[in-house]
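Scroll down for the structure; my scribbles are underneath it.
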Amino acid sequence: GVCPMADTEWWVYVVQSLEKRFGKRGNALPGFHYVGCTTNVYRRLREHNGLYANGSEGNPKGSKYTSRHRPWELRAIHGPYLGQSEALKAERALKHGKRGADRCRWSTYDSAWCRGLGPADPQVAGINEALRRLRQTAS
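Residues in the sequence shown are numbered consecutively from 342, following the numbering used here.
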């Protein structure tokens, strides 16, 4: 049969933890980077930050890993991909091809799965700003 969700646009995203991190010698380290895929990047970032749609805390949908390193900020968006299966292939290509901050520097030279503007996508700033406003209304 025809799968109705197959034609949904999917996106691969990179978020970075703003949690302070330090190396063995007390030197500051950049926050962790996390790669995922979703049909709604804003909703997913909200979940990673443990927030509900109204801005209140306690949303359990974030992911076990990201719940430990909040808050998270969006760094890059890639896509669109046609269906979850394409998006998962792109996510895997990015995760396996790049580590740390390099995950924000993914290009078509690295993988044919790389699509879109990545860190230059205007949605990145807009989504981070929307999350900032949501936090303010809730507090």
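Each residue gets a CB set at the ideal place from its N, CA and C atoms; glycine is no exception.
Spatial distance of His437 from Ala431 (CA atoms)
10 Å
For Gly396, which residues in the same chain have their Cβ closer than 7 Å to its Cβ, ignoring the five residues on either side in sequence?
Leu475, Arg476, Thr478, Ala479
Kindly indicate which residue of Gln425, Val355, Tyr406 has the alpha-carbon position closest to the one of Tyr481.
The structure shown has nothing for residue 481, since the chain only spans 342 to 480.
Could you tell me the distance, in whole angstroms, from the CA atom of Thr379 to the CA atom of Arg362?
27 Å
Nearest neighbour of His374, chosen from Asp443, Thr349, Ala471, Thr449 [CA to CA]:
Asp443
Cβ neighbours of Lys402 in the same chain (closer than 8 Å, five flanking residues each side left out):
Glu388
So for Pro460, helix, strand or coil by DSSP?
coil
Sequence ranges, beta strand (DSSP E) only - wholly within the region 384-467, length at least 3
413-423
In terms of alpha-carbon separation, which member of Arg409, Tyr406, Thr407, Asn390 lies closest to Asn400?
Asn390
Would you tell me roughly how many angstroms separate the C-alpha atoms of Leu359 and Arg440, rounded to the nearest one?
17 Å
At what residues does the beta strand (DSSP E) containing Thr379 begin and finish?
374-379
Which term fits Ala369, buried or exposed, when burial requires 16 or more other beta carbons within 10 angstroms of its beta carbon?
exposed
Suppose the cutoff is 8 Å on Cβ atoms and the five residues either side in sequence are ignored; what does the same chain contact list for Ala471 look like?
Tyr383
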